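Peer 1: Mind having a look at this structure? Questions to follow.
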Amino acid sequence: MDGETTPDELADVLAEPDDVRVVDIRTPVSFAQGHIPGSENVPFQELPQQVQDLAGAEHIVTVCPHGKSSVQAARLIASYEGCADATVESLAGGLTAWCDQYDLERADETETTESPF
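Using the working numbering, you'd call the opening residue of the sequence shown number 133 and step up by one each time.
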């Protein structure tokens, strides 16, 4: 693991065409309620089985609500052989810190409670 990044640093990286993968380790329900634009959802409990999908990435930033669990996720990713050359960081302060300065993207609400009949 290469340490932590701040919300401002992450926002700068996301504004560039760099190869960065933002991995949100919360549950799918929490992710749908709001996430950093462009991030992908890999729940923490599924990370050991899906870490190979991150192989070859140049830069990976893990995200959780407060920046604690994402440190553990970043360490797990950094220990994977296929990510040995990647810069792997955790978002300092997590989504709480991100929301102090930036908006979250929410999943489209396409379901309706109205009857189709």
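Where a beta carbon is used, it is the ideal one built from N, C-alpha and C, also for glycine. In this text, all values refer to a predicted model and were calculated from it rather than measured experimentally.
(1) In whole angstroms, what is the alpha-carbon distance linking GLN184 and SER222?
(2) List the DSSP bridge partners of ILE192.
(3) Buried or exposed: where does SER211 fall if 16 or more other Cβ atoms within 10 Å of its Cβ makes it buried?
(4) In whole angstroms, give me the CA-to-CA distance for LEU227 and GLY214.
(5) Below 6 angstroms CB to CB, which residues in the same chain sit around PRO169 once its five sequence neighbours on both sides are set aside?
(6) Determine the contact status of VAL193 and THR137, defining contact as a CB-CB distance below 7 angstroms.
(7) Give the DSSP bridge partners of GLU81, in chain order.
(8) Just curious, the alpha helix (DSSP H) that GLN182 is in, first and last residue?
(9) Please return the same chain residues whose Cβ sits closer than 8 angstroms to the Cβ of TRP230, not counting the five positions on each side in sequence.
Peer 2: Reading it off the structure:
(1) 18 angstroms
(2) ARG153, VAL220
(3) exposed
(4) 27 angstroms
(5) GLU237
(6) yes
(7) Lying before the first or after the last residue shown, residue 81 is absent from the chain, which here runs from 133 to 249.
(8) 179 to 182
(9) PRO139, LEU142, ILE168, VAL195, LEU223, LEU236
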